[in-house]
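What follows is a single structure, written as structure tokens, with notes after it.
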DNA sequence: CTACAAGTTCAAGTTAACTTGAAGTCAAGC
DNA sequence: GCTTGACTTCAAGTTAACTTGAACTTGTAG
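Chains as they are written, first to last, in the numbering used here: chain L, 1 to 144; chain F, 1001 to 1144.
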């Protein structure tokens, strides 16, 4: 009762490569126990955790951010539905902002690119205000 | 008449770093002439081209894709408004798809994470169908 | 008992989109 | 004429999120 899963089991059921699972563990996003052999064994609840990670990635969070969210889960027990839903509280806002930006970009497709306003100085589209700052390489001035 | 811009002029007016401008040129996204000294000189129309690049990046296109779009512009003259607006034809669809996915993810926040359905096997949210294939590293199975 | 598949660690490679650094040239003000 | 800042090229470094490869060990089916 409570059969543990091998890394291949988890990989197959989640669609996440074994190498990625090891990587997530290294980054502290997931945990595993070990069989006597040294092989990883996962609790079934890992699948939900992984689904959450994938979900959060689709929304646009980095692994670091996801890790911070996951750290808020109770450590002493398997997270409940309530635990999970509390995590995603701020996300709705984040998604809404991104949707709003895309809609703004979308209307700019017809209005802005065709007209003279896509000229950097005046066009609000080329310089959206709500972009989260990015670290590292990239055109940070405009994109972040 | 028709004063050419230096790389610093263009950088300052576009917000794109000089190093990035050289990089874009290397990738064939923009072009420059050279002063006798070997220094780059840009035509004013470069600013619109750069705005277009930034815009396309916000939508989510890679530089390679943007380069392919830009290649469709007429080479023999400065692109007209019409030229520019024709490029962005397919983009609306692309934006709409991404918006739809985000909206799906958004409703899943309340419905899906809280309930038992975020269990990989059954939840459509964790495995959206409309994701464009990514090359290179990354969880391609789920995310692409 | 012997294959061979599956697991392990650790170091190094990959991709995108740039940035940074080194080493040298050019231009403008005093 | 000299200093300072802008510019050049070319090679190498950066970040995220993994993957790949090497070298070994374990588990399992026949």
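In this text, a Cβ means the ideal position worked out from N, Cα and C, and glycines have one as well. Note that the structure is predicted; figures quoted are calculated from it, not measured.
| Item | Value |
| --- | --- |
| Residues of the region 81-107 of chain L with Cβ closer than 8 Å to any Cβ of chain F, in chain order | 81, 82, 84, 85, 87, 88, 91, 92, 95, 96, 98, 99, 101, 102, 103, 105 and 106 |
| Whole-angstrom distance between residue 1075(F) and residue 54(L), CA atom to CA atom | 43 Å |
| Whole-Å CB distance - residue 1083(F) paired with residue 1070(F), under 8 Å assumed | Not really, about 11 Å apart at Cβ, beyond 8 Å. |
| Within chain L, partners of residue 1109(F) - CB distance below 7 Å | 88, 91 and 92 |
| Residue 4(L) and residue 34(L) closer than 8 Å at C-beta | no |
| Residue span of the alpha helix (DSSP H) that contains residue 1008(F), given as start and end | 1007-1014 |
| Ordered list of alpha helix (DSSP H) runs contained in the region 1062-1100 of chain F, each at least 4 residues | 1063-1070 and 1081-1087 |
| Separation of residue 17(L) from residue 28(L), as counted between CA atoms | 17 Å |
| Outcome for residue 78(L) when other beta-carbon atoms lying within 10 angstroms are tallied against a minimum of 16 | exposed |
| Neighbourhood of residue 98(L) by C-beta distance below 6 Å, restricted to the same chain and skipping five residues each side | none |
| Candidates 1051(F), 1108(F) and 1062(F): closest to residue 109(L) by CA position | 1051(F) |
| C-alpha gap between residue 106(L) and residue 1031(F), whole angstroms | 28 Å |
| Residue environment, residue 1014(F), which counts as buried when at least 16 other CB atoms sit within 10 Å | buried |
| Best match in 80(L), 65(L), 68(L) and 59(L) for proximity to residue 93(L) [C-alpha to C-alpha] | 59(L) |
| Cut-off 6 Å between Cβ atoms - residues of its own chain near residue 66(L), not counting five sequence neighbours on either side | 53 and 56 |
| Local conformation of residue 1027(F) per DSSP, three classes | coil |
| Cα-Cα separation between residue 1007(F) and residue 1036(F), rounded to whole angstroms | 15 Å |
| Residue 960(F) to residue 81(L) span [Cα, whole Å] | With chain F covering 1001 to 1144 only, the question about residue 960(F) has no answer from this structure. |
| Residue 40(L) in three-state terms, based on DSSP | strand |
| Other residues of its chain near residue 25(L): CB distance less than 7 Å, five sequence neighbours each side excluded | 31 and 32 |
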